[in-house]
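Student: I'd like to ask some things about the structure below.
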DNA sequence: TCTTTGACTTGACAGTGTCAAGCTGTCGTG
DNA sequence: CACGACAGCTTGACACTGTCAAGTCAAAGA
């Protein structure tokens, strides 16, 4: 019989933090609330994380795992055509940014997150590799990095500008994708 | 004889906040420290700003003014050639992001900033117009928005990825610009 | 002269991250 | 079995944060 091992306190803390972030955005995520949600005292997290940046880093790493999963889902839904798959990845990227703004913020722009952390690096690299795989059909070894970075910069900038846009209309529009799709086609121009 | 009018307390508060941001990044900027730096009591700012987001918004607006000034400087240094001027603008953009990460963060990604504020809108639109002017020589009325958004997204995404990059090497590299320049040329491909 | 008003201070409050000390059950060793 | 070590967690305190209520005080208006 398969028994689900009970989650460690550390895991529960990370999950609790991610939940708070999903529910109430950046402001809802605090050291003490995370502890309370995980059912431990306000100082318990200190046993697993040296300080707040450490906790944030672990949460961001777990968020990248979910991010990867959502991009893969969007890619696979797009079918077998390489162009459609790349568009799908980007759509997944933009949809995630639009839906989970607080999480996206922690992942990419929160300055206290330690981006040299091993787990964080593994998780974020994993996300990058998903993008890379979808760019591969359009690259030669020579211009691989260039295309990857062009796509990555564009979709990321697009998501950011969408998030900071004052009118919600525009914000919703970024997950409708048509305008970004034309930008992507520009980058892919001349490639098969 | 020209007398410089004494700065109002409100102006001193905004300047103080911007200074704190420039010196110590996002974490150094607090309501109370801003008040102290401006030489008033910790509750004085409440007379001019309803709450912290209000103050942050005003600081972000002033930051956009400086941002515009730096882009104009970079543009004018680039000489009269339209292509060189667009490259110059982008270089100014990336240099500002790399040098003043904390300020850049408040301007673009701090979620509590009120982006519907009138002053903020005026200041950020002004920055956008500088970019637009430099894109104009490469546009027809039909594809104006498309090119502007392509350039804007790319340079912004590029700056963001540079800021979040783990190794400082790469971070410095974003103001050296060669790799972004090739991306820009990709976007401009076929335009004169 | 009295009142009002704007600019600011003082003092308090709950909530924050962090640190120090103490408690408790488990485990390895004598 | 007894004892010490120790991980895991709690309690309590600290300085600091943003915010609010009340008070001070000088200038302006009636």
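Residue numbers (our numbering), protein chains in the order written: chain A, 281 to 472; chain B, 281 to 472. We treat Cβ as the ideally placed atom computed from N, Cα and C, and that holds for glycine. Here the structure is a predicted model, which is why all the values come from computation and not from measurement.
Can you name, in chain order, every residue of its own chain whose Cβ lies under 7 Å from the Cβ of residue 352 of chain A, other than the five neighbours on each side?
Tutor: Around residue 352 of chain A: 410.
Student: Using alpha carbons as the reference points, say which of B:308, B:429 and B:434 lies closest to residue 429 of chain A.
Tutor: Of B:308, B:429 and B:434, the residue nearest in Cα terms is B:434.
Student: With C-beta atoms as the reference, is residue 331 of chain B less than 8 Å away from residue 292 of chain B?
Tutor: Not a contact, by the Cβ cut-off of 8 Å.
Student: Could you name the residues of the region 380-404 of chain B whose beta carbon sits closer than 8 Å to any beta carbon of chain A, in the order they occur along the chain?
Tutor: So the list reads 381, 382, 385, 388, 389, 391, 392, 395, 396 and 401, given in the order they occur along the chain.
Student: Could you check if residue 327 of chain A is buried or exposed, using at least 16 other CB atoms within 10 Å of its CB as the buried criterion?
Tutor: When all chains shown are included, residue 327 of chain A counts as exposed.
Student: Going by C-alpha to C-alpha distance, which of A:438, A:398, A:388 and A:467 sits closest to residue 418 of chain A?
Tutor: Minimum Cα distance to residue 418 of chain A is reached at A:467.
Student: On a Cα-Cα basis, can you pick out the residue from A:298, A:398, A:415 and A:440 that is closest to residue 339 of chain A?
Tutor: Measuring from the Cα of residue 339 of chain A, the nearest candidate turns out to be A:298.
Student: Select from A:472, A:438, A:359 and A:442 the residue whose C-alpha is nearest the C-alpha of residue 463 of chain A.
Tutor: Cα-wise, what sits closest to residue 463 of chain A is A:438.
Student: List, in chain order, every chain A residue whose beta-carbon is nearer than 7 Å to that of residue 436 of chain B.
Tutor: Result: 437, 440 and 441.
Student: What is the DSSP secondary structure of residue 390 of chain A, reduced to helix, strand or coil?
Tutor: Residue 390 of chain A: coil per DSSP, three-state reduction.
Student: Are the region 301-310 of chain B and the region 371-390 of chain B touching by the rule of at least three beta carbon pairs closer than 8 Å?
Tutor: They touch, by the three-pair rule.
Student: Using only alpha-carbon positions, find the residue among B:321, B:323 and B:337 that is nearest to residue 389 of chain B.
Tutor: Residue B:337 is the option with its Cα nearest to residue 389 of chain B.
Student: Just to confirm the assignment: which complete alpha helix (DSSP H) runs, minimum length 4, are found wholly within the region 288-328 of chain B?
Tutor: The region 288-328 of chain B contains these whole alpha helix (DSSP H) runs: 289-304 and 311-318.
Student: For residue 330 of chain B, which residues in chain A fall below 8 Å Cβ to Cβ?
Tutor: The premise fails here: residue 330 of chain B is roughly 17 Å from chain A at the closest Cβ pair, so nothing lies under 8 Å.
Student: Near residue 421 of chain B, which residues of its chain fall below 8 Å by C-beta distance, leaving aside the five closest residues on each side in sequence?
Tutor: No residues qualify anywhere along the chain.
Student: Beta-carbon within less than 7 Å of residue 342 of chain A's beta-carbon, same chain only, minus the 5 sequence neighbours each way: which residues are those?
Tutor: Excluding positions up to five away in sequence, the list reads 294 and 298.
Student: Using beta-carbon positions only, say whether residue 368 of chain A and residue 377 of chain A come within less than 8 Å of one another.
Tutor: Not a contact, by the Cβ cut-off of 8 Å.
Student: Rounded C-beta distance between residue 441 of chain A and residue 436 of chain B? I'm assuming under 8 Å.
Tutor: Indeed, because the Cβ distance is near 6 Å, the residues count as touching under 8 Å.
Student: In terms of alpha-carbon separation, which member of B:425, B:287, B:465 and B:407 lies closest to residue 426 of chain A?
Tutor: It is B:465.
Student: Since residue 387 of chain A and residue 329 of chain A should fall inside the 8 Å C-beta cutoff, what is the C-beta to C-beta distance between them, to a whole number of angstroms?
Tutor: About 17 Å; that fails the 8 Å criterion.
Student: Scan the region 419-431 of chain B for residues whose Cβ lies nearer than 8 Å to a Cβ of chain A and list them as they occur along the chain.
Tutor: If the cut-off is 8 Å between Cβ atoms, the region 419-431 of chain B has 426, 429 and 430 near chain A.
Student: Cα separation between residue 296 of chain A and residue 395 of chain A?
Tutor: Answer to the nearest angstrom: the Cα atoms are 21 Å apart.
Student: For residue 345 of chain A, which three-state DSSP category applies?
Tutor: Note: residue 345 of chain A maps to helix in three-state DSSP.
Student: Please state whether DSSP places residue 360 of chain B in a helix, a strand or coil.
Tutor: It is coil, neither helix nor strand.
Student: What are the residues in the region 306-330 of chain B lying within 8 Å of chain A by C-beta distance?
Tutor: Those residues of the region 306-330 of chain B that come within reach of chain A (Cβ to Cβ, closer than 8 Å) are 306 and 307.
Student: Would you say residue 467 of chain B lies against chain A (beta-carbon separation less than 8 Å)?
Tutor: So, interface residue.
Student: Compute every distance between the C-beta of residue 429 of chain A and the non-hydrogen atoms of the ligand FAD, then say whether any falls below 7 Å.
Tutor: Looking at this structure, you won't find the ligand FAD or any other ligand, since it has none at all.
Student: So, with DSSP's three-state summary, where would you put residue 421 of chain B?
Tutor: Coil at residue 421 of chain B, not helix or strand.
Student: Whose C-beta lies closer than 6 Å to the C-beta of residue 404 of chain B among residues of the same chain, with five residues either side of it excluded?
Tutor: Once the five neighbours on either side are set aside, the close Cβ partners of residue 404 of chain B are 344.
Student: Can you tell me whether residue 449 of chain B is buried or exposed, with buried defined as 16 or more other CB within 10 angstroms of its CB?
Tutor: Here residue 449 of chain B scores only 43 on pLDDT, less than 50, and its place in the model is too uncertain to base an answer on.
Student: Tell me which residues share the same chain as residue 282 of chain B and place their Cβ nearer than 7 Å to its Cβ, disregarding the 5 neighbours each side in the sequence.
Tutor: Here the model assigns residue 282 of chain B a pLDDT of 49, short of 50, so the residue's position is not dependable and the matter cannot be decided.
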